[in-house]
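The sequence shown begins at 241 in the numbering used here and counts up one residue at a time. Glycine is no exception: its CB is placed at the ideal position from the N, C-alpha and C atoms.
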Amino acid sequence: MNLLKPLTPSLLALALAACAVGPDYRAPATEPAQLSSDVQAKAYDRSRFESLWWKQFDDPVLDQLVQASLDGNRDLRVAFARLKSARSIREDAENDQFPVVTSRASSDIGKGQVPGQTTQRVNSERYDLGLDMAWELDLFGRIQRQIEASEAQEAAAAADLQQLQVSLIAELVDAYGQLRGAQLRENIALANLKTQQESRTITETLRDAGVGNDLDVVRADARLAGVEATVPQLQAEQARARHRIATLLGQRPDALSVDLSPKALPAIAKALPVGDPGGCCAVARTSAAPNANWQPPPPTWAWPRQTCSPV
Numbered sequence: 241m242n243l244l245k246p247l248t249p250s251l252l253a254l255a256l257a258a259c260a261v262g263p264d265y266r267a268p269a270t271e272p273a274q275l276s277s278d279v280q281a282k283a284y285d286r287s288r289f290e291s292l293w294w295k296q297f298d299d300p301v302l303d304q305l306v307q308a309s310l311d312g313n314r315d316l317r318v319a320f321a322r323l324k325s326a327r328s329i330r331e332d333a334e335n336d337q338f339p340v341v342t343s344r345a346s347s348d349i350g351k352g353q354v355p356g357q358t359t360q361r362v363n364s365e366r367y368d369l370g371l372d373m374a375w376e377l378d379l380f381g382r383i384q385r386q387i388e389a390s391e392a393q394e395a396a397a398a399a400d401l402q403q404l405q406v407s408l409i410a411e412l413v414d415a416y417g418q419l420r421g422a423q424l425r426e427n428i429a430l431a432n433l434k435t436q437q438e439s440r441t442i443t444e445t446l447r448d449a450g451v452g453n454d455l456d457v458v459r460a461d462a463r464l465a466g467v468e469a470t471v472p473q474l475q476a477e478q479a480r481a482r483h484r485i486a487t488l489l490g491q492r493p494d495a496l497s498v499d500l501s502p503k504a505l506p507a508i509a510k511a512l513p514v515g516d517p518g519g520c521c522a523v524a525r526t527s528a529a530p531n532a533n534w535q536p537p538p539p540t541w542a543w544p545r546q547t548c549s550p551v
């Protein structure tokens, strides 16, 4: 029995450590997606997926827009600040595993009487040095569960930031595509307008020469008016797309930092690496599962605290 007495504190600590409350979180098992093969899908590269997917279009203007949106969007700044805050909380929770050491030092120099010894004022010096240490023993798993909760909060903040980035870039690329499409259709409409004007002139000349009639001229006027009506619509569509882009960039529509004047789009002459759809579905499930099934640990006051400090 005397031999077991020195081991009693260690055995007691091991026994209490086994009393940690709550099971460890495990992501739910999901079966891989079974997607049928499509003949048209062979034109795409499923072997990999580019995280910077907008760069596949080889458009420098689009790259500038995306970079400007990531740098200047206020919602992203707020989400990034929340991520930094969650990381700080996690680091603070991890520091609770280690002993806390504090030190103090002070000095007092003065001149005064010493009662009971002398009535004369004498010089006195007093110095105080101290070193304190405290360590909370995580016998019931409070600190460990607190760390796990802070890590989950950090992961959720990172997922929110990534979701905002994906949504922002997707909206920006869509608005940019609408703008370039409207510009291209306007160029086609202007060329068609010029053709209809020339056709109307020829039709009127033929009527004056007795080859045609007034009905042909009326029809030419109708075609010309129809083409003319499409130009303002396309210009309005471009204005809406510019305003969308300016909103996503956090800039004024009349003072954009990127030149959006009409220009030819680069041709895409390669298979786009879209990745495996089944893998994308699996990533989406694993990203949503922790948010839906993660049960946060009980509050920190649910665990008793054991603190060791020298006296």
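**Q.** Every unbroken alpha helix (DSSP H) inside the region 416 to 504 [4 residues or more]
**A.** 454 to 489
Q | Terminal residues of the alpha helix (DSSP H) in which ASP336 lies | A | Within the sequence shown, numbered from 1, the residue matching residue 336 stands at position 96. Note, ASP336: premise wrong, no alpha helix (DSSP H); not H, not E.
Q) Which word fits VAL467, buried or exposed, when buried means at least 16 other C-beta atoms lie within 10 angstroms of its C-beta? A) Walking along the sequence shown from the start, residue 467 turns up at place 227. In the assembly as shown, VAL467 is a buried residue. Its beta-carbon has 16 or more other beta-carbons within 10 Å.
Q. Tell me the DSSP bridge mates of ARG344?
A. Start at 1 with the first residue of the sequence shown, and residue 344 comes out as number 104. Bridge partners of ARG344: GLY370.
Q.
On the criterion of 16 or more Cβ atoms from any shown chain inside 10 Å, does GLU365 qualify as buried, or is it exposed?
A. Along the sequence shown, one-based indexing puts residue 365 at 125. Using a 10 angstroms sphere on the CB of GLU365, the tally of other CB atoms stays under 16, which defines it as exposed.
Q) LEU404 to TRP293, Cα distance in whole Å? A) If you number the sequence shown from 1, residue 404 lands on position 164. If you number the sequence shown from 1, residue 293 lands on position 53. Rounded to whole angstroms, LEU404 to TRP293 spans 16 angstroms at the Cα level.
Q. According to DSSP, is LEU349 helix, strand or coil?
A. Reading the sequence shown from its first residue, position 109 is the one you call residue 349. Before going on, a small fix: residue 349 reads as Ile here, not Leu. Three-state DSSP puts ILE349 in a strand.
Q.
Considering only their Cβ atoms, is the gap separating ALA389 from GLY370 smaller than 9 angstroms?
A. For the purposes of this step, residue 370 is taken as the residue at position 130 of the sequence shown. For the purposes of this step, residue 389 is taken as the residue at position 149 of the sequence shown. Not a contact, by the Cβ cut-off of 9 angstroms.
**Q.** Neighbour-count burial assignment, ARG361, 16 or more Cβ in a 10 Å radius
**A.** Residue numbering aside, residue 361 sits at position 121 when the sequence shown is read from its first letter. Its Cβ having fewer than 16 others within 10 Å, ARG361 is exposed.
Q | Sub-9 angstroms separation of ARG440 and ARG420 beta-carbons | A | Counting from 1 along the sequence shown, the entry for residue 440 is found at position 200. Counting from 1 along the sequence shown, the entry for residue 420 is found at position 180. Cβ atoms of ARG440 and ARG420: not closer than 9 angstroms.
**Q.** Close Cβ partners of ASN335 (< 6 angstroms) along its chain, the five nearest in sequence each way excluded
**A.** The count along the sequence shown starts at 1 and reaches residue 335 at position 95. Nothing meets the Cβ criterion.
Q.
Give me, in chain order, the residues of the same chain whose beta-carbon lies closer than 8 angstroms to that of GLN437; leave out the 5 immediate sequence neighbours on both sides.
A. Along the sequence shown, one-based indexing puts residue 437 at 197. Only LEU464 meet the Cβ criterion.
Q: Please report how far the alpha carbon of GLY490 lies from the alpha carbon of SER309, in whole angstroms.
A: Position 250 of the sequence shown holds residue 490. Position 69 of the sequence shown holds residue 309. For GLY490 and SER309, the distance between alpha carbons rounds to 8 angstroms.
Q: Please state if the CB of SER325 and the CB of ALA397 are separated by a distance shorter than 9 angstroms.
A: On the sequence shown, position 157 is the one that residue 397 refers to. On the sequence shown, position 85 is the one that residue 325 refers to. Result yes, Cβ atoms of ALA397 and SER325 sit closer than 9 angstroms.
Q) Does the separation of the CB atoms of ALA415 and ALA469 fall below 9 angstroms? A) Mapped onto the sequence shown, residue 415 falls at position 175. Mapped onto the sequence shown, residue 469 falls at position 229. Taking C-beta atoms as the reference points, ALA415 and ALA469 fail to come closer than 9 angstroms.
Q: Please name the residue in LEU505, GLU444, LEU488 whose C-alpha comes closest to that of SER497.
A: Against the sequence shown, residue 497 aligns to sequence position 257. Checking every option, the nearest Cα to that of SER497 belongs to LEU488.
Q: Can you tell me the Cβ-Cβ gap for ASP299 and LEU424, rounded? I've got them flagged as a contact below 8 angstroms.
A: Residue numbering aside, residue 299 sits at position 59 when the sequence shown is read from its first letter. Residue numbering aside, residue 424 sits at position 184 when the sequence shown is read from its first letter. At roughly 14 angstroms, the Cβ-Cβ gap does not stay under 8 angstroms, so ASP299 and LEU424 are not in contact.
Q: Give the single residue among ASN363, PHE338, ALA479 whose Cα lies nearest to the Cα of GLY350.
A: The residue labelled residue 350 in the question sits at position 110 within the sequence shown. The shortest C-alpha separation from GLY350 is found at ASN363.
Q: Would you tell me roughly how many angstroms separate the C-alpha atoms of PRO472 and GLU411, rounded to the nearest one?
A: Against the sequence shown, residue 472 aligns to sequence position 232. Against the sequence shown, residue 411 aligns to sequence position 171. Their Cα atoms are separated by approximately 24 angstroms.
Q. Relative to the alpha-carbon of GLN307, which residue among ARG492, ILE485, ALA507, ALA495 has its alpha-carbon at the smallest distance?
A. To locate residue 307, count along the sequence shown from 1; it is residue 67. Of ARG492, ILE485, ALA507, ALA495, the residue nearest in Cα terms is ILE485.
Q) Under the three-state reduction of DSSP, which class applies to SER291: helix, strand or coil? A) Here residue 291 refers to the residue found at position 51 of the sequence shown. DSSP places SER291 in coil when its eight states are reduced to three.
Q.
From the DSSP secondary-structure annotation, give me the bridge partner or partners of ASN363.
A. Counted from its first residue, the sequence shown places residue 363 at position 123. Per DSSP, the beta bridge partners of ASN363 are LYS351.
Q. Can the beta-carbon of ILE383 be found less than 9 angstroms from the beta-carbon of ALA333?
A. Counted from its first residue, the sequence shown places residue 383 at position 143. Counted from its first residue, the sequence shown places residue 333 at position 93. Cβ distance < 9 angstroms, so ILE383 and ALA333 count as in contact.
Q.
Rounded to whole angstroms, what is the Cα-Cα separation between HIS483 and LEU316?
A. To locate residue 483, count along the sequence shown from 1; it is residue 243. To locate residue 316, count along the sequence shown from 1; it is residue 76. If you take the alpha carbons of HIS483 and LEU316, they lie about 19 angstroms apart.
(Q) Can you list, in chain order, the residues of its chain with a C-beta nearer than 6 angstroms to that of ASP400? Leave out the 5 residues immediately preceding and following it. (A) For the purposes of this step, residue 400 is taken as residue 160 along the sequence shown, with counting starting at 1. For ASP400, where only same-chain residues beyond five positions count, the Cβ hits under 6 angstroms are ALA319.
Q. Can you tell me whether LEU474 is buried or exposed, with buried defined as 16 or more other CB within 10 angstroms of its CB?
A. Mapped onto the sequence shown, residue 474 falls at position 234. Flag for LEU474 reads buried.
Q.
Suppose the cutoff is 6 angstroms on Cβ atoms and the five residues either side in sequence are ignored; what does the same chain contact list for GLU394 look like?
A. Stepping through the sequence shown from its first residue, residue 394 is reached at position 154. If we look at GLU394 and ignore the five residues flanking it on each side, its Cβ neighbours are ALA326, ARG327, ARG330.
**Q.** Own chain partners of ASP456 with C-beta closer than 8 angstroms, once the 5 adjacent residues on each side are dropped
**A.** For the purposes of this step, residue 456 is taken as the residue at position 216 of the sequence shown. Answer for ASP456: THR443, LEU446, ARG447, listed in chain order.
Q. Since ALA429 contacts GLU477 with CB under 8 angstroms, what's their CB separation in whole angstroms?
A. Here the question's residue 429 lines up with position 189 in the sequence shown. Here the question's residue 477 lines up with position 237 in the sequence shown. Between GLU477 and ALA429 the Cβ distance is about 11 angstroms, and since that is not below 8 angstroms, they are no contact.
Q) Hey, MET373 and VAL341 are a contact pair by Cβ (cut 8 angstroms); roughly how many whole angstroms apart? A) If you number the sequence shown from 1, residue 373 lands on position 133. If you number the sequence shown from 1, residue 341 lands on position 101. Yes, they are in contact, since the Cβ atoms of MET373 and VAL341 sit about 5 angstroms apart, within 8 angstroms.
Q: Go through its chain and collect everything with a Cβ distance to SER527's Cβ below 8 angstroms, but skip five positions before and after it.
A: Looking up residue 527 in the sequence shown gives position 287. Residue confidence is low: SER527 scores 49 on pLDDT, short of 50, so the model does not pin down where it sits. No coordinate-derived value is stated.
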